[in-house]
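Positions 1 to 538 (full-length UniProt numbering) are the ones given, in order, by the sequence shown. Just so you know, even glycine gets a beta-carbon here, dropped at the ideal spot from N, CA and C. What you are looking at is a predicted structure, and each value in this text was computed from that prediction instead of being measured. Presented below is the structure to which this report refers.
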Amino acid sequence: MRVLRGKKKQPLRLQTWITLMVCFVLIVALTVTGILIGRNTAENAREAQEAKIMNIAETVSRAPAVIQGLETTTQKNTIQSYTQSVQENTHVHYIVVMDMSHIRQSHPVEERIGQYFVGGDEDRAFEGERYTSVAEGTLGESLRAFVPITNDNNEQVGVVSVGILLERVESIVLTQQKMVYTGTAAGLFTGIIAAVFLARRVKKTLFGLEPNEIAQLLQEREAMLASVREGVIAVDDTGKIVVSNDAANQLFQEAGLAVDPIGQDAASFLKSSKLTDVLHHQQAEYDQEQVLNGMVFVVNRVPVMAKGRVVGALATFRDKSELTSLVEQLSGAKYYAESLREKTHEFMNKLHVMSAMVHTEAYDELQAYIKQISNNYQKEVGMVSKLIKDPVLAGFLLHKCNRLEEGGVDVSVTGEYPLPLLKNTEKVDAVITVLGNVIENAYEAVANQQKKKVDISIAYIHGIFHFTVTDNGPGMNQSEQETLFQKGGSTKGEYRGIGLYLTKKALDELKGDIKVDSIAGRGTAIEVIIPYEGDKHD
Numbered sequence: 001m002r003v004l005r006g007k008k009k010q011p012l013r014l015q016t017w018i019t020l021m022v023c024f025v026l027i028v029a030l031t032v033t034g035i036l037i038g039r040n041t042a043e044n045a046r047e048a049q050e051a052k053i054m055n056i057a058e059t060v061s062r063a064p065a066v067i068q069g070l071e072t073t074t075q076k077n078t079i080q081s082y083t084q085s086v087q088e089n090t091h092v093h094y095i096v097v098m099d100m101s102h103i104r105q106s107h108p109v110e111e112r113i114g115q116y117f118v119g120g121d122e123d124r125a126f127e128g129e130r131y132t133s134v135a136e137g138t139l140g141e142s143l144r145a146f147v148p149i150t151n152d153n154n155e156q157v158g159v160v161s162v163g164i165l166l167e168r169v170e171s172i173v174l175t176q177q178k179m180v181y182t183g184t185a186a187g188l189f190t191g192i193i194a195a196v197f198l199a200r201r202v203k204k205t206l207f208g209l210e211p212n213e214i215a216q217l218l219q220e221r222e223a224m225l226a227s228v229r230e231g232v233i234a235v236d237d238t239g240k241i242v243v244s245n246d247a248a249n250q251l252f253q254e255a256g257l258a259v260d261p262i263g264q265d266a267a268s269f270l271k272s273s274k275l276t277d278v279l280h281h282q283q284a285e286y287d288q289e290q291v292l293n294g295m296v297f298v299v300n301r302v303p304v305m306a307k308g309r310v311v312g313a314l315a316t317f318r319d320k321s322e323l324t325s326l327v328e329q330l331s332g333a334k335y336y337a338e339s340l341r342e343k344t345h346e347f348m349n350k351l352h353v354m355s356a357m358v359h360t361e362a363y364d365e366l367q368a369y370i371k372q373i374s375n376n377y378q379k380e381v382g383m384v385s386k387l388i389k390d391p392v393l394a395g396f397l398l399h400k401c402n403r404l405e406e407g408g409v410d411v412s413v414t415g416e417y418p419l420p421l422l423k424n425t426e427k428v429d430a431v432i433t434v435l436g437n438v439i440e441n442a443y444e445a446v447a448n449q450q451k452k453k454v455d456i457s458i459a460y461i462h463g464i465f466h467f468t469v470t471d472n473g474p475g476m477n478q479s480e481q482e483t484l485f486q487k488g489g490s491t492k493g494e495y496r497g498i499g500l501y502l503t504k505k506a507l508d509e510l511k512g513d514i515k516v517d518s519i520a521g522r523g524t525a526i527e528v529i530i531p532y533e534g535d536k537h538d
């Protein structure tokens, strides 16, 4: 049955998100700014018109023609002609001069001269106050200024009112606001275009990746750096360490460098790293040995290129002793295969010999030969096969025994309580490393002895594998025993002593133990104790 599921809502792309956010900020900022500036412009325009009509009114109130016209009856006509001239020059809608009885002495419409002033807002001016107001007059609603008219004796003889229709004021305000809003719209349009280009630029800088893809890449990078066993460090083009994974930090701590490497200068933190040389020469170096505070590493160094130029360098570190251990573990499997092949050839040769004896009817010799083969089998193959049920470990031990016998060593294998199949097969390599290094150490110990003797004892008791190798070598004194498991600790000279060091590391991994009993001049016995969980089906 197929289940229909709704489509998962896709998140906005980074480019779209940046464009929308920048546009939103621009719209809000410019809109608020435009409104505030528009209001301020409107107020300024209104105040400018108020100041204009107030100045005109004050000028008219001081005009001699107006004052004399109000004080005498013979010169009243001069008031109308004067105000008409001023009105035309100043582009106001009206200039009305009133006497103290509120009677108009001038008006744009001459028929209204001699009539009472309309509006009801002129009373304060007759009390000597200067002000502006908005009121409905005969010409319509207007913004008007009132100024008292006084004569030379400072006696009030009338009032002048100068007005502009509100339509004109609103038109002036709207014109100035249009300029503000046009500039705001132009800024918004420019900002939107800039936002689109900015979003594209950011997208290109991020190689076209979305934020969730970048986060995923970072998580994958961190997981990758944490999962690899090699130490990994990276430096930028100035030689500063910018990346150091957990394995690298662990190796640096083992080498005595406990400081956090991030931000450190590679040339001073790792004086022999040669990463600065890679930056300068732009040449990769592979599988190079590097010594750091006595530890030997196998290092790979490569430059990091971007658009044809070096932007940094990368180095991987691996403890050489670990690589040596891996080689020895691989050698264990190889020894098993070689041992099987050798035994196959040996068995075929013996079959040919027995076939020839049967053909020649040499039955007595055949019986003696079979008895000899049986004794040898019981001594070597039979005993090993009896004591070790795991074919890999058995084959490996047989190979080691053959190698010792080829070197003239008298080898004996004894024991009781046979070792079952190992349940956790992943531990076979570590067990092979331990057994191989202990046997190899005994072989090297008897190399210069006239009579070479190595005894191998095997026992499996209560889930514990006891493996003891005894040799008749020169033995060791107490000081030599104390340094036996240290890296480079050996009685065989410089650049030796890796085997038992690796044995100790493998035993630590297996949670095992090792005991050494050695007497100078008499020989050495090394016992290995390994927790060993056998297969219940064995």
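Check: Once the 5 residues before and after F179 are set aside, which same chain residues still bring their CB inside 6 Å of it?; Outcome: Correcting the residue type first, residue 179 is Met in the shown sequence and not Phe. Cβ within range, chain order: n/a, list empty.
Check: Relative to the C-alpha of R318, which candidate in V299, G312, V311 and P303 has its C-alpha closest?; Outcome: V299
Check: Between G463 and the rest of its own chain, which residues show a CB-CB distance below 6 Å, the 5 nearest in sequence each way excluded?; Outcome: none
Check: Relative to the C-alpha of L30, which candidate in D265, G187, S61 and V454 has its C-alpha closest?; Outcome: G187
Check: How many angstroms separate the CA atom of E444 from the CA atom of A255?; Outcome: 30 Å
Check: Specify the secondary structure class of Y443 as computed by DSSP and reduced to three states.; Outcome: helix
Check: Return the chain-ordered list of same chain residues with a C-beta closer than 8 Å to the C-beta of Y460, the five sequence neighbours on each side being excluded.; Outcome: Y417, P418, L419, P420, H466, Y532 and G534
Check: I need the DSSP call for S273, collapsed to helix, strand or coil.; Outcome: coil
Check: If we count the other Cβ atoms within 10 Å of its Cβ and call it buried at 16 or more, is K515 buried or exposed?; Outcome: exposed
Check: Applying the 10 Å Cβ sphere with the 16-neighbour rule, what's the burial state of T16?; Outcome: exposed
Check: Can you have a look at residue 613 and say buried or exposed, based on whether 16 or more other CB atoms are within 10 angstroms of its CB?; Outcome: Residue 613 lies beyond the range of the chain shown here (1 to 538); nothing can be said about it.
Check: Quick one: is S81 buried, meaning 16 or more other Cβ sit within 10 Å of its Cβ, or exposed?; Outcome: exposed
Check: Output needed for I56: all residues of its chain with C-beta closer than 8 Å, excluding positions within five of it in sequence on either side, in chain order.; Outcome: V86, T90, V92, I95, A145 and V162
Check: Apply the 10 Å Cβ neighbour rule to residue 540 and answer buried if 16 or more other Cβ atoms are within range, or exposed otherwise.; Outcome: As shown, the chain starts at 1 and ends at 538. That puts residue 540 outside it, with no answer to give.
Check: Decide if F117 is buried, meaning its Cβ has at least 16 other Cβ atoms within 10 Å, or exposed.; Outcome: buried
Check: Starting from R309, follow its DSSP beta bridges and name the residues at the other end.; Outcome: A306
Check: Just to confirm the assignment, what range does the beta strand (DSSP E) spanning Y94 have?; Outcome: Y94 to D99
Check: Do you know how far the Cα of E406 is from the Cα of K423?; Outcome: 33 Å
Check: With C-beta atoms as the reference, is I149 less than 8 Å away from V134?; Outcome: no
Check: Give me the residue from R104, T72 and G475 with the minimum Cα distance to T83.; Outcome: R104
Check: Name the one or two DSSP bridge partners that M354 has.; Outcome: According to DSSP, which records beta bridges pairwise, M354 is partnered with nothing at all.
Check: Around the C-beta of Y501, are 16 or more other C-beta atoms found within 10 angstroms, so that it is buried, or is it exposed?; Outcome: buried
Check: Straight-line CA distance for residue 540 to Q176?; Outcome: Residue 540 lies beyond the range of the chain shown here (1 to 538); nothing can be said about it.
Check: Going by alpha carbons, who is nearest to E71 out of A45, E50 and M98?; Outcome: M98
Check: Report the rounded CA-to-CA distance for R130 versus Q115, giving the unit in angstroms.; Outcome: 23 Å
Check: Let's test the definition: count the other Cβ atoms within 10 Å of the Cβ of T73 and tell me whether it reaches 16, buried, or not, exposed.; Outcome: exposed
Check: Would you tell me roughly how many angstroms separate the C-alpha atoms of K274 and R221, rounded to the nearest one?; Outcome: 24 Å
Check: Are there any heavy atoms of the ligand NAP lying less than 7 Å away from the beta-carbon of L165, as far as the coordinates show?; Outcome: For the ligand NAP, the structure offers nothing, since it holds no ligand at all.
Check: Considering just the uninterrupted stretch of the alpha helix (DSSP H) at I262, what are its terminal residues?; Outcome: Element bounds for I262: n/a, residue is neither H nor E.
Check: What three-state label does DSSP hand K453 in the structure shown?; Outcome: strand
Check: Starting from M295, follow its DSSP beta bridges and name the residues at the other end.; Outcome: L292
Check: For E494, I'd like the list of residues in its chain whose CB is within less than 6 Å of its CB, leaving aside the five on either flank, ordered along the chain.; Outcome: Low confidence applies here, because E494 scores a pLDDT of 37, under 50, leaving its location unreliable; read the following figure in that light. So no residue of the chain qualifies.
Check: Buried or exposed: where does S171 fall if 16 or more other Cβ atoms within 10 Å of its Cβ makes it buried?; Outcome: exposed
Check: On the DSSP letters alone, give me the boundaries of the alpha helix (DSSP H) that I79 sits inside.; Outcome: K76 to T90
Check: With C-beta atoms as the reference, is L174 less than 8 Å away from S142?; Outcome: no
Check: Going by beta-carbon coordinates alone, are A284 and P303 separated by less than 8 Å?; Outcome: yes
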